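*Asks:* Chains A and B supply the protein sequences, listed in that same order.
Quick note on numbering: the first sequence equals residues 1340 to 1455 in my numbering.
Quick note on numbering: the second sequence equals residues 1340 to 1455 in my numbering.
Glycine is no exception: its CB is placed at the ideal position from the N, C-alpha and C atoms.
The structure displayed is predicted, hence computed values, not measured ones.
Before anything else, here's the structure in question.
There are 2 protein chains.
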Amino acid sequence: MAKRVATVEPTDQCCPSLLASPLDSTQAAELAGGFMALADPVRLRVLSILAAAPDGEVCVCEFVGPLCKSQPTISHHLKILSEAGLVVGDRRGKWVWYSLNRERLADLQGALQPVG
Amino acid sequence: MAKRVATVEPTDQCCPSLLASPLDSTQAAELAGGFMALADPVRLRVLSILAAAPDGEVCVCEFVGPLCKSQPTISHHLKILSEAGLVVGDRRGKWVWYSLNRERLADLQGALQPVG
DNA sequence: TCGATGCATCGACACTCGTTGATGTTATGG
DNA sequence: CCATAACATCAACGAGTGTCGATGCATCGA
Chain A
1340 MAKRVATVEP
1350 TDQCCPSLLA
1360 SPLDSTQAAE
1370 LAGGFMALAD
1380 PVRLRVLSIL
1390 AAAPDGEVCV
1400 CEFVGPLCKS
1410 QPTISHHLKI
1420 LSEAGLVVGD
1430 RRGKWVWYSL
1440 NRERLADLQG
1450 ALQPVG
Chain B
1340 MAKRVATVEP
1350 TDQCCPSLLA
1360 SPLDSTQAAE
1370 LAGGFMALAD
1380 PVRLRVLSIL
1390 AAAPDGEVCV
1400 CEFVGPLCKS
1410 QPTISHHLKI
1420 LSEAGLVVGD
1430 RRGKWVWYSL
1440 NRERLADLQG
1450 ALQPVG
């Protein structure tokens, strides 16, 4: 039971915390890039659908209907999410299956840590 | 060891979790509005400066120098952060002191909760 | 090999966003 | 009352973003 809270190493993450100390321009730009990927309703819904998928992955064509967007638009958003490191795509045959990168999501969450 | 994951009540927050279930358009738009406020380097630096301030509040004029932006630009970003509920301004005489709304920040963080 | 399917890319459009100088508003001090 | 200072708002510009139809590319089935 001892050292239950001391086992993790939160300082090991890539994203600096917002609340630890003032960010410089470089750190701020990098963090802003991550949040920019989250700053769109369609992309948030893509992430939530991925998170709720039983197998943890969803085919591109399965986004088009529920999100009421054209296929190029979905592809566009998936590219942005992919470049932000939030999702990864895996081509299998004609289909591309996307899944969540929960570590990256946790990184962004850590940057918002309300003071440990 | 039983019911170890059932102790917390994440549904008590205002922001729906990204990872709980698929978001509808309204929820996604609201969440996206919050992250949009975070999706700018200047605004992230504003927040980090506020978080690191000893008194928890910073005068508008104190942002202009460190951030290398004009006064109208700083005022513009503070307005966006204010409308997003992330900061609050308090006018005292000629000065306006801004402080962090850590609850709102925690709400957005909660939406990124990587599954309890 | 050929047509069909799934996905990415391109081109173009309307719209939003970040920025700044100029101006307006509010409060202080003489 | 007037000058000054701090902050907000306005007008305008360039740059970026979301969207979609058209097109290209790869894969599968016949």
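Between Y1437/A and L1370/B, what straight-line distance do the alpha-carbon atoms span, to the nearest angstrom?
*Replies:* Spanning the two alpha carbons is a distance of roughly 22 Å.
*Asks:* With distances taken Cα to Cα, identify the nearest neighbour of L1444/B among L1389/B, P1393/B, E1401/B.
*Replies:* The candidate whose alpha carbon is nearest that of L1444/B is L1389/B.
*Asks:* Which full runs of the beta strand (DSSP E) of 3+ residues lie inside the segment 1356-1441 of chain A, going along the chain?
*Replies:* Here the runs fully enclosed are 1396-1398, 1426-1431, 1434-1439.
*Asks:* Is it right to say G1455/A is buried, meaning 16 or more other beta carbons lie within 10 angstroms of its own, or is it exposed?
*Replies:* With a pLDDT of 39 at G1455/A, under the threshold of 50, the modelled position of that residue is not reliable, and no figure is offered here.
*Asks:* Got a sec? Which residues, its chain only, sit under 7 Å from K1408/A by beta carbon, not counting five neighbours each side?
*Replies:* Counting only Cβ-Cβ distances below 7 Å, and skipping sequence neighbours, we find V1381.
*Asks:* So, is the C-beta of F1374/B closer than 8 Å to a C-beta in chain A?
*Replies:* For F1374/B, the answer is yes, since a Cβ of chain A falls inside 8 Å of its Cβ.
*Asks:* Grouping DSSP H, G and I as helix and E and B as strand, with all else coil, what is L1451/B?
*Replies:* Of the three classes helix, strand and coil, the one that applies to L1451/B here is coil, per DSSP.
*Asks:* Three or more C-beta pairs under 8 Å: does that hold for the segment 1421-1428 of chain A against the segment 1373-1387 of chain A?
*Replies:* Flag = yes, the segment 1421-1428 of chain A and the segment 1373-1387 of chain A touch.
*Asks:* Scan the segment 1362-1390 of chain B for residues whose Cβ lies nearer than 7 Å to a Cβ of chain A and list them as they occur along the chain.
*Replies:* So the close ones are L1362, S1364, A1367, A1368, L1370, A1371, F1374, M1375, L1377, A1378, D1379, P1380, L1383, R1384, L1386, S1387, I1388, A1390.
*Asks:* State the Cα-Cα distance for the pair D1429/A and L1417/B, rounded to the nearest angstrom.
*Replies:* If you take the alpha carbons of D1429/A and L1417/B, they lie about 41 Å apart.
*Asks:* Quick one: residues in its chain with C-beta nearer than 6 Å to the C-beta of V1435/B, no 5 flanking neighbours on either side, listed in chain order?
*Replies:* If we look at V1435/B and ignore the five residues flanking it on each side, its Cβ neighbours are V1399, G1428.
*Asks:* What residues in the segment 1434-1445 of chain B have a beta carbon less than 9 Å from any beta carbon of chain A?
*Replies:* Here the close residues are L1439, R1441, E1442, L1444, A1445.
*Asks:* Under 8 Å between the Cβ atoms of L1383/A and L1357/B?
*Replies:* Closer than 8 Å, so yes.
*Asks:* Could you compute how far the alpha carbon of Q1410/B sits from the alpha carbon of V1403/B?
*Replies:* Each residue's Cα considered, the two are about 6 Å apart.
*Asks:* The ligand HEM and R1431/B: does the residue's C-beta get closer than 7 Å to at least one heavy atom of that ligand?
*Replies:* No copy of the ligand HEM occurs in the structure displayed, which carries no ligand at all.
*Asks:* Give a yes or no on whether the C-beta atoms belonging to Q1448/A and L1406/B are separated by under 8 Å.
*Replies:* Cβ atoms of Q1448/A and L1406/B: not closer than 8 Å.
*Asks:* Once the 5 residues before and after A1367/B are set aside, which same chain residues still bring their CB inside 8 Å of it?
*Replies:* Hits under 8 Å: none found.
*Asks:* Along chain A, in chain order, which residues have C-beta atoms closer than 9 Å to that of S1360/B?
*Replies:* Within 9 Å Cβ-Cβ: S1387, A1390, A1391.
*Asks:* Can you tell which of V1385/B, G1432/B, P1393/B has its C-alpha closest to the C-alpha of T1412/B?
*Replies:* Measuring from the Cα of T1412/B, the nearest candidate turns out to be V1385/B.
*Asks:* Can you give the beta carbon distance from S1387/B to S1414/A, rounded, assuming they're within the 8 Å contact cut?
*Replies:* Going by Cβ atoms, the distance from S1387/B to S1414/A rounds to 35 Å, so no, they are not a contact pair.
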